[in-house]
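2 protein chains.
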Amino acid sequence: MRTHYCGLVDEALIGQTVTLCGWADVARNLGGLCFIDLRDHEGIVQVVAEPDADTAGNAEVIAAAAHVGYEDCLRVTGVVRKRQSVNEKIKTGRVEVVATQIELLNKAEPLPFHAHENPGEDIRLKYRYLDLRTPDMQRMMRTRIKLVQALRRWLDARGFQDIETPILTKATPEGARDFLVPARMHPGEFYALPQSPQLFKQILMMAGFDRYYQIARCFRDEALRADRQLEFTQLDMEFAWVDEKIVQDAVEGMMRDVFREVMQVELASPFPRMTYEEAMRRYGSDKPDLRIALELVDVAALVKTSEFKVFADWANHEDGRVVALRAPGGATLSRKQIDDYAAHAAKYGAKGLAWLKVEDAAKGRDGVNSPIAKFLDDATLAAILQATGAQTGDLLFFGAATYKTASDFMGALRLKLGKDLGLVAEGWAPLWVTDFPMFEWDEEEGRYVALHHPFTAPAVDDEADLRANAKTAVSRGYDMVLNGNEIGGGSIRIHRSSMQSAVFDLLGIGAEEAQGKFGFLLDALKYGAPPHGGIAFGIDRIAALMAGTESIRDVIAFPKTTTAQCLMTGAPSPVPDKQLAEVHISVREKPAA
Amino acid sequence: MRTHYCGLVDEALIGQTVTLCGWADVARNLGGLCFIDLRDHEGIVQVVAEPDADTAGNAEVIAAAAHVGYEDCLRVTGVVRKRQSVNEKIKTGRVEVVATQIELLNKAEPLPFHAHENPGEDIRLKYRYLDLRTPDMQRMMRTRIKLVQALRRWLDARGFQDIETPILTKATPEGARDFLVPARMHPGEFYALPQSPQLFKQILMMAGFDRYYQIARCFRDEALRADRQLEFTQLDMEFAWVDEKIVQDAVEGMMRDVFREVMQVELASPFPRMTYEEAMRRYGSDKPDLRIALELVDVAALVKTSEFKVFADWANHEDGRVVALRAPGGATLSRKQIDDYAAHAAKYGAKGLAWLKVEDAAKGRDGVNSPIAKFLDDATLAAILQATGAQTGDLLFFGAATYKTASDFMGALRLKLGKDLGLVAEGWAPLWVTDFPMFEWDEEEGRYVALHHPFTAPAVDDEADLRANAKTAVSRGYDMVLNGNEIGGGSIRIHRSSMQSAVFDLLGIGAEEAQGKFGFLLDALKYGAPPHGGIAFGIDRIAALMAGTESIRDVIAFPKTTTAQCLMTGAPSPVPDKQLAEVHISVREKPAA
Numbered sequence: 001m002r003t004h005y006c007g008l009v010d011e012a013l014i015g016q017t018v019t020l021c022g023w024a025d026v027a028r029n030l031g032g033l034c035f036i037d038l039r040d041h042e043g044i045v046q047v048v049a050e051p052d053a054d055t056a057g058n059a060e061v062i063a064a065a066a067h068v069g070y071e072d073c074l075r076v077t078g079v080v081r082k083r084q085s086v087n088e089k090i091k092t093g094r095v096e097v098v099a100t101q102i103e104l105l106n107k108a109e110p111l112p113f114h115a116h117e118n119p120g121e122d123i124r125l126k127y128r129y130l131d132l133r134t135p136d137m138q139r140m141m142r143t144r145i146k147l148v149q150a151l152r153r154w155l156d157a158r159g160f161q162d163i164e165t166p167i168l169t170k171a172t173p174e175g176a177r178d179f180l181v182p183a184r185m186h187p188g189e190f191y192a193l194p195q196s197p198q199l200f201k202q203i204l205m206m207a208g209f210d211r212y213y214q215i216a217r218c219f220r221d222e223a224l225r226a227d228r229q230l231e232f233t234q235l236d237m238e239f240a241w242v243d244e245k246i247v248q249d250a251v252e253g254m255m256r257d258v259f260r261e262v263m264q265v266e267l268a269s270p271f272p273r274m275t276y277e278e279a280m281r282r283y284g285s286d287k288p289d290l291r292i293a294l295e296l297v298d299v300a301a302l303v304k305t306s307e308f309k310v311f312a313d314w315a316n317h318e319d320g321r322v323v324a325l326r327a328p329g330g331a332t333l334s335r336k337q338i339d340d341y342a343a344h345a346a347k348y349g350a351k352g353l354a355w356l357k358v359e360d361a362a363k364g365r366d367g368v369n370s371p372i373a374k375f376l377d378d379a380t381l382a383a384i385l386q387a388t389g390a391q392t393g394d395l396l397f398f399g400a401a402t403y404k405t406a407s408d409f410m411g412a413l414r415l416k417l418g419k420d421l422g423l424v425a426e427g428w429a430p431l432w433v434t435d436f437p438m439f440e441w442d443e444e445e446g447r448y449v450a451l452h453h454p455f456t457a458p459a460v461d462d463e464a465d466l467r468a469n470a471k472t473a474v475s476r477g478y479d480m481v482l483n484g485n486e487i488g489g490g491s492i493r494i495h496r497s498s499m500q501s502a503v504f505d506l507l508g509i510g511a512e513e514a515q516g517k518f519g520f521l522l523d524a525l526k527y528g529a530p531p532h533g534g535i536a537f538g539i540d541r542i543a544a545l546m547a548g549t550e551s552i553r554d555v556i557a558f559p560k561t562t563t564a565q566c567l568m569t570g571a572p573s574p575v576p577d578k579q580l581a582e583v584h585i586s587v588r589e590k591p592a593a
Numbered sequence: 001m002r003t004h005y006c007g008l009v010d011e012a013l014i015g016q017t018v019t020l021c022g023w024a025d026v027a028r029n030l031g032g033l034c035f036i037d038l039r040d041h042e043g044i045v046q047v048v049a050e051p052d053a054d055t056a057g058n059a060e061v062i063a064a065a066a067h068v069g070y071e072d073c074l075r076v077t078g079v080v081r082k083r084q085s086v087n088e089k090i091k092t093g094r095v096e097v098v099a100t101q102i103e104l105l106n107k108a109e110p111l112p113f114h115a116h117e118n119p120g121e122d123i124r125l126k127y128r129y130l131d132l133r134t135p136d137m138q139r140m141m142r143t144r145i146k147l148v149q150a151l152r153r154w155l156d157a158r159g160f161q162d163i164e165t166p167i168l169t170k171a172t173p174e175g176a177r178d179f180l181v182p183a184r185m186h187p188g189e190f191y192a193l194p195q196s197p198q199l200f201k202q203i204l205m206m207a208g209f210d211r212y213y214q215i216a217r218c219f220r221d222e223a224l225r226a227d228r229q230l231e232f233t234q235l236d237m238e239f240a241w242v243d244e245k246i247v248q249d250a251v252e253g254m255m256r257d258v259f260r261e262v263m264q265v266e267l268a269s270p271f272p273r274m275t276y277e278e279a280m281r282r283y284g285s286d287k288p289d290l291r292i293a294l295e296l297v298d299v300a301a302l303v304k305t306s307e308f309k310v311f312a313d314w315a316n317h318e319d320g321r322v323v324a325l326r327a328p329g330g331a332t333l334s335r336k337q338i339d340d341y342a343a344h345a346a347k348y349g350a351k352g353l354a355w356l357k358v359e360d361a362a363k364g365r366d367g368v369n370s371p372i373a374k375f376l377d378d379a380t381l382a383a384i385l386q387a388t389g390a391q392t393g394d395l396l397f398f399g400a401a402t403y404k405t406a407s408d409f410m411g412a413l414r415l416k417l418g419k420d421l422g423l424v425a426e427g428w429a430p431l432w433v434t435d436f437p438m439f440e441w442d443e444e445e446g447r448y449v450a451l452h453h454p455f456t457a458p459a460v461d462d463e464a465d466l467r468a469n470a471k472t473a474v475s476r477g478y479d480m481v482l483n484g485n486e487i488g489g490g491s492i493r494i495h496r497s498s499m500q501s502a503v504f505d506l507l508g509i510g511a512e513e514a515q516g517k518f519g520f521l522l523d524a525l526k527y528g529a530p531p532h533g534g535i536a537f538g539i540d541r542i543a544a545l546m547a548g549t550e551s552i553r554d555v556i557a558f559p560k561t562t563t564a565q566c567l568m569t570g571a572p573s574p575v576p577d578k579q580l581a582e583v584h585i586s587v588r589e590k591p592a593a
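Now the structure itself:
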C-alpha cells in the first residue's frame, strides 16, 4: 500500500515516485495550489498539488487535495523534489512530494479537538486515539516500548526465563486491596487479581527455573493518587542460589546498559549506597532525590534545654526528632510563601513549621528574623547557624515531631524547596537504599507490620535471635532509587519454612491463618527450597522518567482516571442482573458506608 | 554461590575445583562410599564422597553425604575427575565430582511423590513446584519460553510495537463469557477481563502505531474443555495500511523463521492455501490436519434415487450432504470397533454411521459386506467404489445429514481413523484457510452470527451489496492451521463507520445497542481510521505442539484444572462478607439454576 514512510522521505529520493499513507496534519489551499502536511508515526512530509504543465492531467489531484480536511486518512503517490523554502524544523524539510494521485482512504469528521489545543485531559482520554496520534504522545509511548525491549533483550541474553504467572489467583482473606472475580463454576467463591507475582516467582525458584523474569501486570484496588493506576506493570525478577550482591550487581548493570541504550546516558558505576537510617537522617526519605544538594540537620542535641517547649519536648522524647533544613537564599521568601510551605509540610504530618531568616549572619541575634528567635539563647542560636551552615540570605525551617513524622514532612519540604529554588541538578541520580528495618510497629493495629513484605529474609538467620530483637531487626531488603523515585524494590527471601513461620508469628499471623493464606508456600519451603531473592521494577514510572513526563498516564496506552474510569470505553459500567446471577452475586442494595 | 551448573560439568574441567548448587536426585550409600546425583536445570552430575587417602580430612563430607535425601538442596564443592564407568545417558556421564565439601542448604521432608512415579495430575498440580523440577517439565516449559523469545525478537526487529492494553476493561452487556470485576469506587458497576484485545488493537492502529504486537493474556469464563484454560495467551498483532497479503506473508514468514530457530525444522514455503469451502468439502473441517491423507468423497449425486432413504433424503435436501470416507485396510475392523467409531461420530452429531467392507473388490456386490449393500443397486455400488477408490481390504464409512453436521462428524471420524490406522505422517503441515462465510445463521437465536467476529471486513466494500447478499457473503478472515489445530486467526477489519454499522445491523445489534457496547469504536472509525488488519496466535497451543504434548497444561507454569481450580493455591475460595461489602456485592443465597 505504500513504498515509504512519510517521515523518512529525504533528499536521496529526489526524482523518485513514492507512495505514502498517513493523516492530513494541515491542509492549505492557496488558490488552486494545495499543500498537505502528511503525517505518519515517522514524521511529516509536505505534499503539493499544483496546476503545473509538467504534471499534466492533475485536475483530479487538485480537486482531491482541495477537499482534504484535518486527519483525513490518505494515500498519496507523487514525485519527490527539492523544496524551495526549506523547513529546518522537520526531518523531511528539504523535500516535498508533488502528488500525482491522492486517494481518500477515510474521511475524518470535524475533530472534537485539534492537536495544538489543550482541551484538558478528560477530552484527551475520551478521544485517546486522536491524542496518541500526536508526535509528543508517540514519542513518549515509544520510549516506553524501547525501554521494555531493551530490558527483555538484556534478560534473554543472560538466561532469564520469561514465565507467565496467573492473573486469576487466590483471594487472600483480608486482602483489602484485592480485586475480586466471582467464579462461575464455584458459587460463592472468588479469584483475586494479583498485587504482584511474588509467591509465584518464589515457587518458580523452588521449581528449578533458576533465573526468572516477567513483565507482569499487577493490580491494586485502592483510591488512586495521581501517580497510581489500578493496573500497573512491573519488571518482576527472581534468582535462585544468590545473595544480595549477586542480585544488586546484576540489575544495577542492567539499568546502566538499558539507560545507555535507550537514553544515551551513563549512570554512576557503582550506584551510591545508603542505609535506610542514613537516608532518613540526611534526606527525611527512604527514596532520597540526590539531585538536590540540601540535607536535613539534626539539632535535637542543641535544643534539649530550649525554652521553646516544642523543640525541648521532642528533643528529649525517646522517639523524637528536631531537625533543621537550610533554604539557600530563602530569606527573601514572603510570609505568604512561608505559609504555603507550612501548608505543604502539614500535608505530611507537620503540626507547625518554625522558621528563621538569616538577614545578616554577621550580626548574630540581631541579624535573624524569626518568631522563635526569642526562645533560643545566643549559644543555641549560634550553634544552630553553625550546624546548618546558614549564611546571610538563607532561611532555616525547623521540624519537631516523632522521628518518622519529622522526617516525612521535612523530607517533603526538602523536595519542594529544591524544585522551587531551582536546586535540582540535571541528570540522573540512582542509588541503593539498604538495611531497612524488618518490622514497623503499627500503632493502630497494635502489632508489627512488615516494612517490605512478609517473605523478606531478616539479616539474622536464627529464629530465636529474630524473636528476641524484632524491634531493631534489619531485613535483607533493598530499594533502587532514581531521582527521588523508588523504581525498584527487592529482597533476599526467606527460604526455610521455620523462619517463615516465625516471621508470620511476629506479624501476628497465627499458624492456622498462615496455613489458610500461605499454606502452599510453607509446604513448598519444606521440599528443598533453594536460597533465593529478587526485585521488581516499576515500568510505568521508569518509562515516565525516561520520557520526561510527570504523569505515568503519558506512557500507558489506555490509562484510567484518578476515579478509576476509562473515559474512552466507559468502564466500569452497570451489568444486567441476569449476568450477575450467572456468577452468583448481586449488587448490594445499600452501598457500603 | 556456585562456579558451574551441574549439567554443564564436562571433561574440560577435569582436575579443577568446582562449586555446584542443586537438588539430590538420587543418593546411594554403599558402605561409606556415597554417590549423589546432583541436579539443576541444566542436568545431572554424579558427586562422590569417598574415604580415599588422597582426599584427607573428608570424614565430615562422608557424614554429610550419608544423610542426604531426595530433593535436599545442596551446595557441593569438589574436584572434577574422569569417571570410571561412563554413563552415556547423561551429558556429564564421563566425569564425576569428588566432594571436598557438602553443605545442606535446605533439608527436604519426605516427598509426596517421586519423579519416576505417576501420581496422577491432581497431585502433580498440587505440588507443582516438585513436578516442574523434573527434566521433562523443564524441557517443555523452556520450549515455550524459547518460542515466545523467538517471536518477540522477530517482531522487535521489524518495528512492531509491543503495547500493553488494559486487563480491566468495559463489561459488554450480554458478554456471556466475561469475567466480571466489581468496581470499588463505583457501586453497582463492573469491569470485565478482556476476551481479547481486539478493539484496543484496532484503536491503536487508528492512534498511529502502525505495527502492534502483544503477548496478551485473554480470559474466557466458560466450562473448560481439556484443552482450554480460563486465562490463555495470545500473540496479538495488528497492521495499519495493509491488505490480506501483507499480513499473511509477514506472519507466515515469522512462523517459518521461528520454527527454524526453535525446532530446527523447515515449514513449507509458501504455506498451502485452501478456501473454507474446500476444507469442509475435502476434510470436513475448517482446520484440516493435512498430515492425514484421507479425504471425504461426496456421493450425494450417486444416491439421489437410492432405496436407502436416509441417503436419498439428504442427497435431495437443499442443505444436505452424503459423504463417504475410505478407511484403508478397515475391512479387518470388528463389529465392536465399528460401533466405537459410530459412537465417536455420534458425539459430533451423527445419528448413525453406515459402513461397507470391501472384502474382495473383484467380486463386486458379492465381495462387499455391509448392512446397507442391499439398498444400493449394482451401478450405485460400483460408482461408490470407484469414486472412493476403495480396494480389497478397505472399509467405507458413510455420513448423511445437513452439510454442516455431516462434515463435522465425518471430519472427526477422519481424524480418529487417521490416528488409529497409523496414517498420520511425520512432520508439520501448516496451511491457510481463507474465504470464510461472513455470517452463519443461528437457528436457535433466529439471526445471523459472525463466523469470525463482528469487526471482520466483508469481501465486498459496499454496504448495499453486503445487505443484499448476506447469506453468501464471504469475509476477509483467514486462519492459520497447523497439524489440525487452528493456531492463528485474523482478518482485515472494517475501517469505515458506516460499514461497521451495517454489519452490526445484520447481526441484529441495533443502533442503540451498538452505541452502548461499541460506541467508542464507531466514534473512532469516524476520524480517519486507516485500513487495517491483523491476526492472533494461540501461544499455549503452539508451545504444546512444539513441546510434543497433547496438553497445554504442560506448557503453563500454573494451570487450572477443568473445574477451574488452582490445586496448588486453592483458588477460587470463599471471601469474608466484609470484603464483598467493600466492593458492593453479595453472594446470592440461591445459586443460579
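Respectively, the protein sequence lines represent chains C and D. Be aware that the first sequence starts at 1, since it is given in the UniProt record's numbering, and climbs by one per residue. Be aware that the second sequence starts at 1, since it is given in the UniProt record's numbering, and climbs by one per residue. C-beta: ideal position from N, C-alpha, C; glycine also. These figures come from a predicted structure and were not determined experimentally.
Contacts that residue i makes with chain C (C-beta to C-beta distance below 7 Å)
| i | result |
| --- | --- |
| D221 (chain D) | R184 |
| Y341 (chain D) | Those within 7 Å of Y341 (chain D) in chain C number zero; the least Cβ separation is about 32 Å. |
| E109 (chain D) | K526, Y527 |
Interface residues of chain D facing residue i [CB-CB closer than 9 Å]
| i | result |
| --- | --- |
| D571 (chain C) | Checking the displayed sequence, the identity of residue 571 (chain C) turns out to be Ala instead of Asp. Ordered by position in chain D, the residues that pass the 9 Å Cβ test against A571 (chain C) are P166, L168, T169, K170, A171, A183, E189, F190, Y191, A192. |
Classification of residue i by the beta-carbon crowding that lies within 10 angstroms, buried from 16 upward
| i | result |
| --- | --- |
| V251 (chain D) | buried |
| W441 (chain C) | exposed |
| G538 (chain D) | buried |
| N316 (chain D) | exposed |
| P574 (chain C) | exposed |
| Q264 (chain D) | exposed |
| A176 (chain C) | exposed |
| T472 (chain D) | exposed |
| V68 (chain C) | buried |
Per-residue contacts from residue i into chain C (C-beta, under 9 Å)
| i | result |
| --- | --- |
| W154 (chain D) | Result: empty, since nearest Cβ-Cβ is about 13 Å, beyond 9 Å. |
Chain D residues whose Cβ lies nearer than 8 Å to that of residue i
| i | result |
| --- | --- |
| F200 (chain C) | A557, F558 |
| R142 (chain C) | Q161 |
First through last residue of the alpha helix (DSSP H) which encompasses residue i
| i | result |
| --- | --- |
| F308 (chain C) | Run containing F308 (chain C): none; DSSP gives neither H nor E here. |
| G399 (chain C) | That residue, G399 (chain C), is in no alpha helix (DSSP H); its beta strand (DSSP E) goes 395-402. |
| V247 (chain C) | 244-263 |
Presumed contact (8 Å Cβ cut-off) between residue i and residue j, rounded CB distance
| i | j | result |
| --- | --- | --- |
| M205 (chain D) | P530 (chain D) | 6 Å |
| D221 (chain D) | D178 (chain D) | 6 Å |
Host beta strand (DSSP E) of residue i (start-end)
| i | result |
| --- | --- |
| R281 (chain C) | Note, R281 (chain C): premise wrong, no beta strand (DSSP E); alpha helix (DSSP H) at 276-283. |
**Within 7 Å of chain C by C-beta, residues of the region 495-519 of chain D in sequence order** = Cβ contacts with chain C: H495, R496.
**Message:** Counting only Cβ-Cβ distances shorter than 8 Å, please list the residues of the region 529-552 of chain C near chain D, keeping chain order.
**Reply:** Those would be A529, P530, P531, in chain order.
**Request:** With 9 Å as the C-beta to C-beta threshold (strictly closer), list the residues of the region 224-257 of chain D near chain C in chain order.
**Result:** Listed by position along the chain: L224, L230, E231, T233, A240, W241, V242, D243, I246.
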